[in-house]
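> Quick one: this structure, given as structure tokens, is what I'll be asking you about.
2 protein chains.
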Amino acid sequence: MALRHAVLAALLDGEFSGYQLAKGFDIGVANFWHALPQQLYAELSRLEGEGLVAGREVVQEGRPNKRMFHVTEAGLAELERFAATPAKPSFIRDDLLVKVQAVDGIDPAPVIAQLQERAAVAEAKAEVLGKLLVRLRGEADEGEFLRTGRRIGPYLTCRRGLAFERETYDWCLRTAEILRQRVVTVRSGE
Amino acid sequence: MALRHAVLAALLDGEFSGYQLAKGFDIGVANFWHALPQQLYAELSRLEGEGLVAGREVVQEGRPNKRMFHVTEAGLAELERFAATPAKPSFIRDDLLVKVQAVDGIDPAPVIAQLQERAAVAEAKAEVLGKLLVRLRGEADEGEFLRTGRRIGPYLTCRRGLAFERETYDWCLRTAEILRQRVVTVRSGE
DNA sequence: TCAGAGTACTCATTTTGTTGAGTATGCAAT
DNA sequence: ATTGCATACTCAACAAAATGAGTACTCTGA
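Protein sequences, first through last, are from chains F and E. Residue 841 is where the first sequence starts when you use the numbering used here, and the numbers rise one by one after that. Residue 841 is where the second sequence starts when you use the numbering used here, and the numbers rise one by one after that.
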């Protein structure tokens, strides 16, 4: 059950509402823990019930009120406890890889198309993450920031996400190219 | 529901029992779709019920009988259909990244230890995948194999897995080093 | 003025994934 | 002789994640 911890980690950056998390999750924490809005709302309620986060109602005009949450002492202690328990091994879990695995038995055309599309998505995501990196370190150069910055967690995970997206981009394009070449080869009666 | 398709894709390589899949899943398809033995057995039964795979009982001596499964025509058609439906975006989902994200608020020592451990796991996995790559392409050089081999799906996904593990390895070591340096910096009263 | 998009959520259900405990047999080492 | 490991599975219960369908109000543009 790491969604709760992902939420706690995200709330280390300040006060957020469920709605804000649901938006921001896509660029920040969502690089390594994706969740739907409904899950976030539910998790925040549960965390509040357990006293790991505290919420306050913010009355707004011209738009619905919202609840802003922050981590409590108990929440921080829970994060601490979580960080000290052994991590589970991670793995990629991806539809598209399943399709590529099966590509020898089926029509490669839709797989090629999806690889192309995925490459574009990965490129766009890489750009967003690259910009986020710049924003996170501010003025300082990277080495300096990593040595002395006081909030480097998001920076470090963002670097991982960026490397992943770049890797995805490269692999998708190379794989698509290989499959395209084979279609040509087979057609020319190799 | 891509587990079923991962199983179908795995069965493209021949006939396997649930037990064999449960073992082999760790090195082949499991690079992008992890599953516990129980899930595989259950999925195979379901697939058999739907006629997407067919099983036959193999009587053995000195050990329990087993059921060997292969993909049927209908199963292949299902894979074809699956490959043609748009892929969902993928993302990393990883405990350890959550911990790194939170590292500014907690004790970094256990996080550093887990990064080190994860690097070792990734290195070992990368080596296994590297060997698998060599085994899959056999005598041929890579370019030749990719152009003319008749079963390249597993090779292509294996390359992705290898790149991922290498990336994980690098990131873990670099991140651990950065965190270690900071501990020193803080201690020396920066 | 009315459709559409944005803010801010809730509730219910289903689908997946995980955990834990069994069953049964044979082989090899202690 | 008995422990422990490998083969080959099954069943039940639970936790987590994904899906779908709302609610309600406001602002903006056609």
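Glycine included, each C-beta is placed from N, C-alpha and C at the ideal position. Keep in mind it's a predicted model, so treat the numbers as computed, not measured.
Would you mind giving the Cβ-Cβ distance between V961(F) and A923(E), rounded to the nearest angstrom? I have them listed as a contact below 8 Å.
Incorrect: roughly 18 Å between the Cβ atoms, too far for contact.
> Please confirm whether K971(E) has its beta-carbon closer than 7 Å to some beta-carbon of chain F.
Not closer than 7 Å to any Cβ of chain F, the Cβ of K971(E) fails to qualify, so no.
> Between the segment 911 to 931 of chain F and the segment 859 to 869 of chain F, do at least 3 Cβ pairs fall closer than 8 Å?
Result no; under three Cβ-Cβ pairs closer than 8 Å.
> Which stretch, first to last residue, makes up the beta strand (DSSP E) that contains R907(F)?
Here the beta strand (DSSP E) through R907(F) covers K906 to V911.
> By DSSP, does R844(E) sit in helix, in strand, or in coil?
Of the three classes helix, strand and coil, the one that applies to R844(E) here is helix, per DSSP.
> Under 7 Å Cβ-Cβ, which residues of chain E neighbour R1000(F)?
Under the 7 Å cutoff, chain E gives L937 and W1011.
> Could you spell out where the alpha helix (DSSP H) holding V893(F) opens and where it closes?
Counting along the chain, V893(F) falls outside any alpha helix (DSSP H), though it belongs to the beta strand (DSSP E) covering V893 to V898.
> Measuring alpha carbon to alpha carbon, tell me which of R896(E), H910(E) and G895(E) ends up nearest L848(E).
The shortest Cα separation from L848(E) among R896(E), H910(E) and G895(E) belongs to H910(E).
> Measure the C-alpha to C-alpha separation of Q878(E) and T1015(E) and round it to an integer number of angstroms.
Those two C-alpha atoms are separated by around 36 Å.
> Quick one: does P877(F) have its CB under 7 Å from some CB of chain E?
P877(F) does not count as touching chain E.
> According to a CB-to-CB cut-off of less than 9 Å, which residues of the segment 850 to 862 of chain F neighbour chain E?
Result list: A850 and L852.
> Assuming L972(E) is part of the alpha helix (DSSP H), what are its boundary residues?
From DSSP, the alpha helix (DSSP H) with L972(E) extends over A949 to R977.
> Rounded to the nearest angstrom, what separates P994(E) and L880(F) at their Cα positions?
Distance between the alpha carbons of P994(E) and L880(F): 36 Å.
> When you measure from the CB of L972(E) to every non-hydrogen atom of the ligand MN, does any distance come out below 6 Å?
With respect to the ligand MN, the structure offers nothing, as it holds no ligand at all.
> Using a Cβ cut-off of 9 Å, pull out every chain E residue sitting near T1025(F), in sequence order please.
In chain order: R987 and T988.
> Just to confirm, is the Cβ distance from G1001(E) to L969(E) under 7 Å?
Yes.
> Kindly list, in the order they appear in chain E, the residues whose Cβ is closer than 7 Å to that of A1003(F).
The contacting residues are E1007 and W1011.
> Which residue comes first and which comes last in the alpha helix (DSSP H) that contains S885(E)?
Looking at the DSSP string, the run of the alpha helix (DSSP H) that includes S885(E) is P877 to G889.
> Taking just the CA atoms, how far does R903(F) sit from L843(E)?
When rounded, the distance between both Cα atoms is 43 Å.
> Report the partner residues of F856(E) according to the DSSP bridge assignment.
Paired residues: F909(E).
> Sort E979(F), L852(F) and E913(F) by Cα distance to E991(F) and report the nearest one.
The identity of residue 991(F) in the sequence shown is Arg, whereas the question assumes Glu. That would be L852(F), whose Cα lies nearest to the Cα of R991(F).
> State yes or no: is the C-beta of V938(E) within less than 7 Å of the C-beta of H845(F)?
Yes, these two residues count as a Cβ contact at 7 Å.
> Can you give me, in chain order, the residues of the segment 937 to 953 of chain F that have a beta carbon less than 8 Å from any beta carbon in chain E?
Those residues of the segment 937 to 953 of chain F that come within reach of chain E (Cβ to Cβ, closer than 8 Å) are L937, V938, K939, V940, Q941, A942, V943, D944, G945, I946, D947, P950 and V951.
> With DSSP collapsed to three states, give me the class of R933(F).
Correct three-state label for R933(F): coil.
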